[in-house]
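Trainee: Just dropping this structure here.
Chains as they are written, first to last, in my numbering: chain V, 1056 to 1519; chain Z, 519 to 654.
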């Protein structure tokens, strides 16, 4: 079976990885195994949610993104495409226009907020809610990890995913459009998207249902924050840019949980946190839940404020964004009307805003041939009955069921299980030496020496 | 490949667990997402029927490369008039069951709609047997 190539931002640095298996235990799609003392990710199962990144004690799990410095030199006219959560990372004393002015000082010609595209998205939602025959519930495609989770774990729900491009894509298309009238050649214009998470990096590199993203460079928000923050505290006085009201107040909350659903007619729910999302989709796919028109799902708790590349505390971010919404609301009362320049292009944008259909991935598939798959399933069932069911993880797989699956796939053996090993030793089927080698094969050479050394708690060297 | 599950009558909080397990297994096979969905809906409705009306029952599943065959056998009051039970909107569910969001009288018609073959036999006072076949 030819495996399709899947792009992932989440990577493991095997030089740093100590094979502690923390990542394997938190992975919601059981995509991680420990082999040869290191974590290994199964590309067909990974959804780039970043749960592994958050628990890694030695920063061996990293997020692949583009270098800001290198790419700043590459383009003549540089646009920073910044999501609202970025502004929510800063203490309240720094205003959005101060932060934007500081971003310009890093070498950008223009700063554009992603959520500026949300007014357009709201109109698309209205159109979609009026479509009579779309499969219900319509599932938001905003969180790319949710889309991938559906592709991997809930294949029958792929047709429910709303085929609408992400706000950062809509914004980038608009920016390309308005800059096409200037005399700068299009290849000299660089759109830099600042991503709050691994999954949006993948979405900007290899968007689902699109050939290519209209963004050019994707920057890790943590790195970007460090640069902007360093600059902002250095500056004595920041010249604020006077801006008219271009942002609708609730658009700034779009990436958090609960705003999107208000724009879809009918019954809708907002669910955040990967485990909550999985539990709900499980029930939905099983037919337990009906009569819902729209689902707003976020893999991160508190939506993008909980993005793994957001440096700040998610609850503080939510509070700051809420305060900003209030300020924008007050400004609206003074200025009467929000003048969003992007909305002048809504007809053009509408024509290019749809993605292609989303298809299932083969992450759970045992074999493309049903007959072979059934035989494997039967074998897994039998093997499982020999395994203790403790899900201890000592075999390098997160659960006994996963070990049984790996054995059937030819990627592990029964003697990976430490409990089975004891039985085999008792029956003289395995020597203690062989058992030891097996453990080393999974957890790495010298892994059974002193544990303290692996945890950076080396004993002080003797000085005498 | 065979599977078997016990279903407890009246345990609405657990209703759907057996059909969820079957659906999880089917996802490992290369079958059409739409087919998977039809099976999930038919099995869930069938399981809820046992929970809502019977005292206890079993779900026996047989998966072959071409189709899934599911038999739900229950001990319960049985069905007096199968023809009537198949009508949309007809239900003998108690008010209590309806308050929980079940018993809208769409169960059996929905199962029929989502399966390729459906056989319903019942002995009033003893129990009901429902057989569902969905081809892959």
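C-beta: ideal position from N, C-alpha, C; glycine also.
#1: Would you list, in chain order, the members of the segment 527-543 of chain Z that have their beta-carbon closer than 7 Å to a beta-carbon of chain V?
#2: For residue 1230(V), report the span of its alpha helix (DSSP H) as first-last.
#3: Going by the CB atoms, is the gap between residue 638(Z) and residue 600(Z) shorter than 7 Å?
#4: Could you have a look at residue 547(Z) and say whether DSSP puts it in helix, strand or coil?
#5: To which residues of the same chain is residue 1155(V) closer than 6 Å at the C-beta, ignoring the five residues directly before and after it?
#6: Can you give me the Cβ contacts of residue 1123(V) inside the same chain, cut-off strictly under 6 Å, excluding the 5 residues immediately before and after it?
#7: Taking 7 Å as the CB-CB cut-off, is residue 546(Z) touching chain V?
#8: Considering only the alpha carbon of each residue, which of 1366(V), 1426(V), 1457(V) lies closest to residue 1438(V)?
#9: Give me the Cα-Cα distance between residue 1130(V) and residue 1271(V), rounded to the nearest whole angstrom.
#10: For the putative contact between residue 1254(V) and residue 1072(V), defined by C-beta atoms under 8 Å, what is the C-beta separation to the nearest angstrom?
#11: Going straight from the alpha carbon of residue 1282(V) to that of residue 1290(V), what length do you get?
#12: Does the CB of residue 577(Z) have a neighbour CB from chain V at under 7 Å?
#13: Can you check whether the CB of residue 569(Z) is closer than 7 Å to the CB of residue 530(Z)?
#14: Which residues bound the alpha helix (DSSP H) around residue 1127(V)?
#15: Please tell me whether residue 1332(V) and residue 1357(V) are closer than 7 Å, where the distance is taken between their beta carbons.
#16: How do the segment 1322-1342 of chain V and the segment 537-549 of chain Z stand: do at least 3 beta-carbon pairs fall below 8 Å, yes or no?
#17: Going by other Cβ atoms of all chains shown within 10 Å of its Cβ, with 16 needed for buried, is residue 1380(V) buried or exposed?
#18: Could you tell me whether the Cβ atoms of residue 1179(V) and residue 1418(V) are closer together than 7 Å?
#19: Using a Cβ-Cβ distance cut-off of 7 Å, determine whether residue 519(Z) contacts chain V.
#20: From the DSSP output, in three-state form, read off residue 1259(V) for me.
#21: What does residue 1206(V) touch in chain Z if you count any residue whose Cβ is under 8 Å from its own?
#22: Closer than 7 Å, CB to CB, is residue 1433(V) near chain Z or not?
#23: If you draw a straight line from the C-alpha of residue 1359(V) to the C-alpha of residue 1405(V), how long is it?
#24: Going by Cα to Cα distance, which pick from 519(Z), 527(Z), 581(Z), 555(Z) is closest to residue 1345(V)?
#25: Could you tell me whether the Cβ of residue 673(Z) comes closer than 7 Å to any Cβ of chain V?
#26: Please confirm whether residue 569(Z) has its beta-carbon closer than 7 Å to some beta-carbon of chain V.
#27: Under a CB-based cut-off of 7 Å, is residue 1452(V) close to chain Z?
#28: Below 8 Å on C-beta distance, what does residue 1415(V) contact in chain Z?
#29: Mapping the DSSP letters down to three states, classify residue 1377(V) as helix, strand or coil.
#30: May I have the straight-line CA-CA distance separating residue 640(Z) from residue 563(Z), to the nearest angstrom?
#31: Examine chain Z for any beta-carbon lying closer than 7 Å to the beta-carbon of residue 1190(V), and answer yes or no.
#32: Under three-state DSSP, which class holds residue 478(Z)?
#33: Decide if residue 486(Z) is buried, meaning its Cβ has at least 16 other Cβ atoms within 10 Å, or exposed.
#34: Give me the residue from 1081(V), 1109(V), 1172(V), 1494(V) with the minimum Cα distance to residue 1397(V).
#35: Using beta carbons (cut-off 7 Å, strictly below), is residue 588(Z) in contact with chain V?
#36: Would residue 1425(V) count as contacting chain Z if we go by Cβ distances under 7 Å?
Mentor: To lay it out plainly:
#1: Within the segment 527-543 of chain Z, the residues whose Cβ lies closer than 7 Å to any Cβ of chain V are, in chain order, 534, 537, 538, 541, 543.
#2: Start at 1 with the first residue of the first chain, and residue 1230(V) comes out as number 175. Residue 1230(V) -> alpha helix (DSSP H) spans 1222-1234.
#3: The residue given as residue 600(Z) occupies position 82 in the second chain. The residue given as residue 638(Z) occupies position 120 in the second chain. Yes, these two residues count as a Cβ contact at 7 Å.
#4: In the second chain, residue 547(Z) corresponds to position 29, counting from 1. Three-state DSSP puts residue 547(Z) in coil, outside helix and strand.
#5: To locate residue 1155(V), count along the first chain from 1; it is residue 100. Around residue 1155(V): 1166.
#6: The residue you call residue 1123(V) lines up with position 68 of the first chain. Taken in chain order, the residues that qualify are 1274.
#7: Counted from its first residue, the second chain places residue 546(Z) at position 28. Taking a beta-carbon distance threshold of 7 Å, residue 546(Z) counts as an interface residue toward chain V.
#8: Within the first chain, residue 1438(V) is the residue found at index 383, counting from 1. Ranking 1366(V), 1426(V), 1457(V) by Cα distance to residue 1438(V) puts 1457(V) first.
#9: As a first step, residue 1130(V) must be located in the first chain, where it is residue number 75. As a first step, residue 1271(V) must be located in the first chain, where it is residue number 216. Here the alpha carbon of residue 1130(V) sits roughly 10 Å from the alpha carbon of residue 1271(V).
#10: Indexing the first chain from 1 puts residue 1254(V) at position 199. Indexing the first chain from 1 puts residue 1072(V) at position 17. Actually they do not touch by this definition, with Cβ atoms about 21 Å apart.
#11: By one-based count along the first chain, residue 1282(V) stands at place 227. By one-based count along the first chain, residue 1290(V) stands at place 235. Residue 1282(V) and residue 1290(V): Cα-Cα distance of roughly 13 Å.
#12: Indexing the second chain from 1 puts residue 577(Z) at position 59. At a cut-off of 7 Å, the C-beta of residue 577(Z) has no neighbouring C-beta in chain V.
#13: To locate residue 530(Z), count along the second chain from 1; it is residue 12. To locate residue 569(Z), count along the second chain from 1; it is residue 51. In this structure, the beta-carbon distance from residue 530(Z) to residue 569(Z) falls below 7 Å.
#14: On the first chain, position 72 is the one that residue 1127(V) refers to. Per DSSP, residue 1127(V) belongs to the alpha helix (DSSP H) from 1123-1129.
#15: Here residue 1332(V) corresponds to residue number 277 of the first chain, with the count starting at 1. Here residue 1357(V) corresponds to residue number 302 of the first chain, with the count starting at 1. At least 7 Å separates the beta-carbon of residue 1332(V) from that of residue 1357(V).
#16: Here the segment 1322-1342 of chain V lies against the segment 537-549 of chain Z, with 3 or more beta-carbon pairs under 8 Å apart.
#17: One-based indexing of the first chain puts residue 1380(V) at position 325. Buried is the call here.
#18: Taking the first residue of the first chain as 1, we reach residue 1179(V) at position 124. Taking the first residue of the first chain as 1, we reach residue 1418(V) at position 363. No, these two residues do not count as a Cβ contact at 7 Å.
#19: Position 1 of the second chain, counted from the first residue, corresponds to residue 519(Z). Interface residue, yes.
#20: Here residue 1259(V) corresponds to residue number 204 of the first chain, with the count starting at 1. Here residue 1259(V) sits in helix by DSSP.
#21: Looking up residue 1206(V) in the first chain gives position 151. The CB of residue 1206(V) never comes closer than 8 Å to any CB in chain Z; the least such distance is about 11 Å.
#22: The residue you call residue 1433(V) lines up with position 378 of the first chain. At least one C-beta of chain Z is nearer than 7 Å to the C-beta of residue 1433(V).
#23: Position 304 of the first chain, counted from the first residue, corresponds to residue 1359(V). Position 350 of the first chain, counted from the first residue, corresponds to residue 1405(V). Taking the straight line from one Cα to the other gives about 25 Å.
#24: Taking the first chain and counting its residues from 1, one reaches residue 1345(V) at position 290. For the options 519(Z), 527(Z), 581(Z), 555(Z), the alpha carbon positioned closest to that of residue 1345(V) is the one of 555(Z).
#25: Here chain Z comprises residues numbered 519 to 654, so residue 673(Z) is not present and cannot be evaluated.
#26: Looking up residue 569(Z) in the second chain gives position 51. For residue 569(Z), the answer is no, since every Cβ of chain V falls outside 7 Å of its Cβ.
#27: Taking the first chain and counting its residues from 1, the one referred to as residue 1452(V) is at position 397. Not one chain Z Cβ lies under 7 Å of residue 1452(V).
#28: Position 360 of the first chain holds residue 1415(V). Going along chain Z in sequence order, the residues near residue 1415(V) (Cβ under 8 Å) are 551.
#29: Reading the first chain from its first residue, position 322 is the one you call residue 1377(V). Taken through DSSP and simplified to helix, strand or coil, residue 1377(V) comes out as helix.
#30: Taking the second chain and counting its residues from 1, one reaches residue 640(Z) at position 122. Taking the second chain and counting its residues from 1, one reaches residue 563(Z) at position 45. For residue 640(Z) and residue 563(Z), the distance between alpha carbons rounds to 17 Å.
#31: Within the first chain, the letter at position 135 stands for residue 1190(V). Residue 1190(V) does not count as touching chain Z.
#32: Beyond the ends of chain Z as shown, which are 519 and 654, falls residue 478(Z); an answer cannot be given.
#33: Residue 486(Z) cannot be examined here, being either before or after the span of chain Z that is shown, 519 to 654.
#34: To locate residue 1397(V), count along the first chain from 1; it is residue 342. Measuring C-alpha to C-alpha distances from residue 1397(V) to each of 1081(V), 1109(V), 1172(V), 1494(V) identifies 1172(V) as the nearest.
#35: Locating residue 588(Z) in the second chain gives position 70, counting from the first residue. False, the Cβ-Cβ gap to chain V never drops below 7 Å.
#36: Position 370 of the first chain holds residue 1425(V). At a cut-off of 7 Å between beta-carbon atoms, residue 1425(V) makes contact with chain Z.
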